[in-house]
Amino acid sequence: MLDALAKDIGFAARWLRRCPGFTLAATASLAIGIGFNTAFFSIVDAILFRPLPVESPQRLVDIFTNSADGDRYSTSSYPDFLDLRSQNVVFEDMLGFSPMIAALTVADRQRMALGEVVTGNYFRMLGVGAALGRTLLPEDDTPGAERVVMISDRYWQRELGSDPQAVGRTIRLRGQLYTIVGVARRGFAGMFPILSTEMWLPLVHVGEVEPAGIQESVPSPTGTNRLDRRGDRWIFIKGRLKPGATLEQARANLDMLMRQLAAVHPQTNKDRIASVLSTSAVRIHPEASAILTPIASGMMAAFGLVLLVVCANVASMLLARASARQREIGIRLALGASRSRLVRQLLTESCLLAILGAAAGVLLALWLIRIATTVQPPIPLPLSLDLRLDFRVLLFALALTTLAGFAAGLAPALRASRTDILHDLRGETGTAFGTRGWTLRDGLVAGQIGVTLVLLVAAGLLMRSLMAAQKANIGFRVQGLAMLSADLEMLRYDSERSRRFWEQAVARVRALPGVESAALAGRLPFSINFSSENFYIPGYH
C-alpha cells in the first residue's frame with residue numbers, strides 16, 4: 013500500500029513538473045483560498061477559542077452578579093468577593109481583577125498605560141510563573157504594603173530593552189513609585205485576549221489608578237472607597253473548581269450565598285444573583301461573545317465560500333487537463349488499470365496540488381498575520397492580538413488542505429475515469445467528456461458564478477449597512493463636534509490646580525472664533541470605559 017502510494021506521488025510530481033504553467037496557476041489559486049482562511053481563523057482563534065495559557069483552564073469559571081438594571085453579567089463589589097471566597101465550598105480558590113488605566117511616566121515621557129489590578133493570589137491560582145523575578149503575592153495585597161508591580165514580557169522588551177536587571181527598578185504611576193518585582197512569562201497577557209496588558213498591580217492600590225471595566229454604584233451604608241463600599245461594583249471574579257466539582261454545584265452554592273448576602277445587606281444586595289459560566293465559554297465577556305461569535309461565524313462562512321470558488325476553479329482546470337490526457341487514460345484502462353486505481357492516482361495529483369497550495373498559503377497567512385498585528389484601530393486603548401500559527405491553526409490549515417484536495421480533485425477524477433476506451437485510443441475527444449449538452453465543467457462555472465454573486469451581494473449589503481450606521485440618529489448632533497482628553501495628573505497637577513486649568517481652558521475655547529459652545533464631561537457616550545450610577549432623592553427610594 014505504501015509502495016503504491018509512493019509511486020502515485022512520484023508520478024503526480026513528474027506530471028506537475030511537465031505542466032509548470034498549470035501547476036503555478038492552480039497552486040496560486042489554492043494558496044489564496046487556504047491562506048486567507050488560515051489567517052482569519054488565527055484571529056478568531058486568538059479572540060474567541062484559544063484557552064488561557066494557565067494551569068488546568070478547564071476548571072476555571074467566571075462569576076458575575078447582576079446589575080440594578082437587569083444585566084446578568086455585571087461586576088461585583090470587593091466586600092462581596094471576599095464573602096463569596098471565604099464561604100463557598102466548591103472552589104479551591106477565587107481571584108478578583110479589573111482592567112485599569114494609569115498615567116505612566118518613563119524618563120521624560122508620559123503616556124497612558126493599560127494593565128490590571130489583581131488580588132494577591134492571582135498568579136498563584138492561575139499557575140502562572142515569572143520569567144524573571146517573582147509574581148505578585150498575597151502579602152503584596154495588604155494595606156500598608158510596599159508598592160510593587162509585575163510587568164509583561166511585551167513591556168519588558170519594548171520599554172526596558174529586555175534588561176536582565178529590570179527587577180528592582182521603579183516606574184512611576186500617577187506620581188507614585190512602584191518597584192518591579194517580576195516579569196510575566198512570554199505568552200501570558202492577562203484575562204482579556206485583545207488588550208495589551210502591560211502590568212499588574214495589587215488590588216489594594218486600586219485607588220491610585222482608574223478601573224476600566226464595568227462599574228456600577230448604589231448607596232452604601234458604610235465605606236469610604238472601592239475596597240470597602242459594598243455598593244461599588246467594579247471587580248471581575250474567577251474561581252477554580254475543586255477536583256470533581258461541577259458548574260451546577262457551583263451555581264447552587266453561589267445562589268445560596270447570594271441569598272444570604274441579600275438578607276444581611278438588603279440595601280446593596282437585594283435581588284442580586286450570581287451567574288456562573290465556564291471560562292472557556294466567556295473569553296472576553298458573555299455579551300461581547302454573543303455579538304462577536306455570529307460575526308466571526310459569518311466571516312468564516314464568507315471566507316469558506318471563497319475557498320469553494322477556488323476549489324471549483326481548480327476542478328475546472330483539472331477537467332480541462334484531463335480532456336487533454338484522454339489517450340493516456342485510455343491506454344492505462346486498456347492495460348488493465350481499474351477505475352478505482354485511476355481515481356486514486358488523479359486524487360493524488362489534486363492532493364499534491366493542495367499541499368503545494370497549502371505551503372504557499374501558510375506563507376501568505378504569516379504575511380497577513382504580520383500586517384494584522386501592526387493595525388491599531390482608532391480607539392484610545394492599545395490592542396494586541398497574540399496571533400501565531402500554533403498547532404490549532406496548523407490543524408485547521410491541514411483540514412482545509414485535505415478538503416481542498418478532495419473537493420477540487422474528486423469530481424474531475426470520477427469524470428475522467430469514466431471514458432470510452434475505443435474513442436480514447438483513436439484520440440477522439442468529441443464524446444469522452446460530454447462536450448455536447450450540459451457538462452460538469454458548465455456546472456462548475458455556473459456554481460462559481462452563483463457563489464461569487466452571493467459574496468458580492470453580501471459585500472454590497474455590508475457596505476450599505478456601514479454607510480447607514482454612519483448616518484444613524486444617535487440622539488444628538490455630531491456634526492461639528494470635537495473632543496480633547498488629557499490626564500493632568502501626568503503633569504503632577506493636584507485637584508485644585510486641575511480644576512482651575514479646566515475652567516480657564518473652557519473659557520478660552522468658548523472665546524475662539526467659530527466655537528458655539530464648550531463643556532466638560534467625565535464620561536462620554538460610546539466610550540469604552542462605562543459605568544452605571546443611580547441617583548436617589550431622600551425620602552423617595
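Here the working numbering = 1-based position in the sequence shown + 12. For glycine and all other residues, C-beta sits at the position ideal for the given N, C-alpha and C.
Counting only runs of 4+ residues fully inside the stretch 92-154, write out the alpha helix (DSSP H) ranges in chain order.
134-138
Distance check for K250 and V101, CA to CA, integer angstroms please.
One-based indexing of the sequence shown puts residue 101 at position 89. One-based indexing of the sequence shown puts residue 250 at position 238. When rounded, the distance between both Cα atoms is 15 angstroms.
Let me confirm a value: P91 is counted as buried when at least 16 other C-beta atoms fall within 10 Å, else exposed. Which label applies?
Translated into positions along the sequence shown, residue 91 becomes position 79. Classification for P91: buried.
To the nearest angstrom, how far is the alpha carbon of Q482 from that of V387?
Here residue 482 refers to the residue found at position 470 of the sequence shown. Here residue 387 refers to the residue found at position 375 of the sequence shown. For Q482 and V387, the gap between their C-alpha atoms comes out near 22 angstroms.
Between G417 and G47, is the Cβ-Cβ spacing less than 7 angstroms?
Within the sequence shown, residue 417 is the residue found at index 405, counting from 1. Within the sequence shown, residue 47 is the residue found at index 35, counting from 1. No, Cβ-Cβ distance for G417 and G47 is not below 7 angstroms.
Comparing C-alpha positions only, which one of A58, F93, V322 sits nearest to D74?
Against the sequence shown, residue 74 aligns to sequence position 62. The shortest Cα separation from D74 among A58, F93, V322 belongs to F93.
Under the three-state reduction of DSSP, which class applies to F61: helix, strand or coil?
Taking the first residue of the sequence shown as 1, we reach residue 61 at position 49. Note: F61 maps to helix in three-state DSSP.
Cα-Cα, which of G472, Q70, A523 is closest to G256?
Along the sequence shown, read from residue 1 onward, the residue named residue 256 stands at position 244. Closest by alpha carbon: Q70.
Validate contact between the stretch 145-163 and the stretch 97-111 using beta carbons, cut 8 angstroms, 3 pairs
no
Cβ pair count under 8 angstroms reaching 3, the stretch 229-242 against the stretch 277-290
yes
Applying the 10 Å Cβ sphere with the 16-neighbour rule, what's the burial state of W379?
Residue mapping note: residue 379 aligns to position 367 of the sequence shown, counting from 1. Exposed, since its Cβ has fewer than 16 Cβ neighbours within 10 Å.
Does the separation of the CB atoms of V179 and L149 fall below 7 angstroms?
Indexing the sequence shown from 1 puts residue 179 at position 167. Indexing the sequence shown from 1 puts residue 149 at position 137. Not a contact, by the Cβ cut-off of 7 angstroms.
Tell me whether G45 is buried or exposed, calling it buried when 16 or more other Cβ atoms sit within 10 Å of its Cβ.
Position 33 of the sequence shown, counting from 1, holds the residue named residue 45. By the 10 Å Cβ count, G45 comes out buried.
Grouping DSSP H, G and I as helix and E and B as strand, with all else coil, what is Q227?
The residue you call residue 227 lines up with position 215 of the sequence shown. Reduced to three states, the DSSP call for Q227 is strand.
Specify the secondary structure class of A327 as computed by DSSP and reduced to three states.
The residue labelled residue 327 in the question sits at position 315 within the sequence shown. Correct three-state label for A327: helix.
Please tell me whether V322 and S54 are closer than 7 angstroms, where the distance is taken between their beta carbons.
Taking the sequence shown and counting its residues from 1, the one referred to as residue 322 is at position 310. Taking the sequence shown and counting its residues from 1, the one referred to as residue 54 is at position 42. No, the pair does not count as a contact, with Cβ atoms beyond the cut-off.
Would you call A366 buried or exposed, if buried means 16 or more other Cβ atoms sit within 10 Å of its Cβ?
Locating residue 366 in the sequence shown gives position 354, where the first residue counts as 1. Result: buried.
Local Cβ density within 10 Å of T182, reported as buried at 16 or more and exposed below that:
Here residue 182 refers to the residue found at position 170 when the sequence shown is read from its first residue. Exposed.
Based on the DSSP output, what are the partners of Y190 in its beta bridges?
As a working note, residue 190 is residue 178 in the sequence shown. Per DSSP, I183.
Can you tell me whether I296 is helix, strand or coil according to DSSP?
Residue numbering aside, residue 296 sits at position 284 when the sequence shown is read from its first letter. If DSSP states are grouped into helix, strand and coil, I296 belongs with coil.
For a quick check, are the C-beta atoms of P298 and Y85 less than 7 angstroms apart?
The sequence position of residue 298 within the sequence shown is 286, counting from 1. The sequence position of residue 85 within the sequence shown is 73, counting from 1. Result yes, Cβ atoms of P298 and Y85 sit closer than 7 angstroms.
To the nearest angstrom, how far is it from the Cα of L269 to the Cα of S287?
If you number the sequence shown from 1, residue 269 lands on position 257. If you number the sequence shown from 1, residue 287 lands on position 275. Approximately 12 angstroms between the Cα atoms of the pair.
The stretch 119-137 contacting the stretch 202-218, beta-carbon criterion three pairs below 8 angstroms:
yes
How long is the line joining the alpha carbons of Y190 and A58, rounded to whole angstroms?
Counting from one through the sequence shown, the residue named residue 190 turns up at place 178. Counting from one through the sequence shown, the residue named residue 58 turns up at place 46. Rounded to the nearest whole angstrom, the C-alpha separation of Y190 and A58 is 31 angstroms.
Is G492 helix, strand or coil when you go by DSSP?
Mapped onto the sequence shown, residue 492 falls at position 480. Looking at G492 - three-state DSSP - the assignment turns out to be coil, as it is neither helix nor strand.
On the DSSP bridge list, what partners appear for G251?
For this step, residue 251 is matched to residue 239 along the sequence shown. Partner(s): V73, M106.
Round the Cβ separation of L317 and V457 to the nearest angstrom and send it over; I've been treating them as touching at under 8 angstroms.
Counted from its first residue, the sequence shown places residue 317 at position 305. Counted from its first residue, the sequence shown places residue 457 at position 445. Contact flag wrong, Cβ pair sits at about 16 angstroms.
Work out the CA separation of A327 and G459 for me, nearest whole Å.
On the sequence shown, residue 459 is found 447 positions in, with the first residue counted as 1. On the sequence shown, residue 327 is found 315 positions in, with the first residue counted as 1. Taken atom to atom, the span from the alpha-carbon of G459 to that of A327 is near 12 angstroms.
For M203, count neighbouring Cβ atoms within 10 angstroms of its own Cβ and tell me buried if that reaches 16, exposed if not.
Position 191 of the sequence shown, counting from 1, holds the residue named residue 203. Burial call: buried.
Drop a sphere of 10 angstroms on the beta-carbon of L358, count the other beta-carbons inside from all chains shown, and report buried for 16 or more, exposed for fewer.
For the purposes of this step, residue 358 is taken as residue 346 along the sequence shown, with counting starting at 1. That one is buried.
Residue from R241, A302, D152, L407 whose Cα sits closest to the Cα of S89
By 1-based counting over the sequence shown, the position of residue 89 is 77. Ranked by Cα distance from S89, the options R241, A302, D152, L407 are led by R241.
What residues match up with W212 in a beta bridge as DSSP calls it?
The residue you call residue 212 lines up with position 200 of the sequence shown. E128, M162, per the DSSP bridge assignment.
Exposure of D95, with buried meaning 16 or more beta-carbon neighbours within 10 Å:
As a working mapping, residue 95 is identified with position 83 in the sequence shown. Buried is the call here.
Sheet register partners of S86 (DSSP bridge)
By one-based count along the sequence shown, residue 86 stands at place 74. DSSP, once it has assigned bridges, lists T77 as partnering S86.
Do E220 and R186 have their C-beta atoms within less than 7 angstroms of each other?
Numbered from 1 along the sequence shown, position 208 holds the residue referred to as residue 220. Numbered from 1 along the sequence shown, position 174 holds the residue referred to as residue 186. Yes; because the gap between Cβ atoms is below 7 angstroms, this pair is in contact.
If you follow the alpha helix (DSSP H) that V527 is in, where does it begin and where does it stop?
Counted from its first residue, the sequence shown places residue 527 at position 515. Per DSSP, V527 belongs to no alpha helix (DSSP H) and is neither H nor E.
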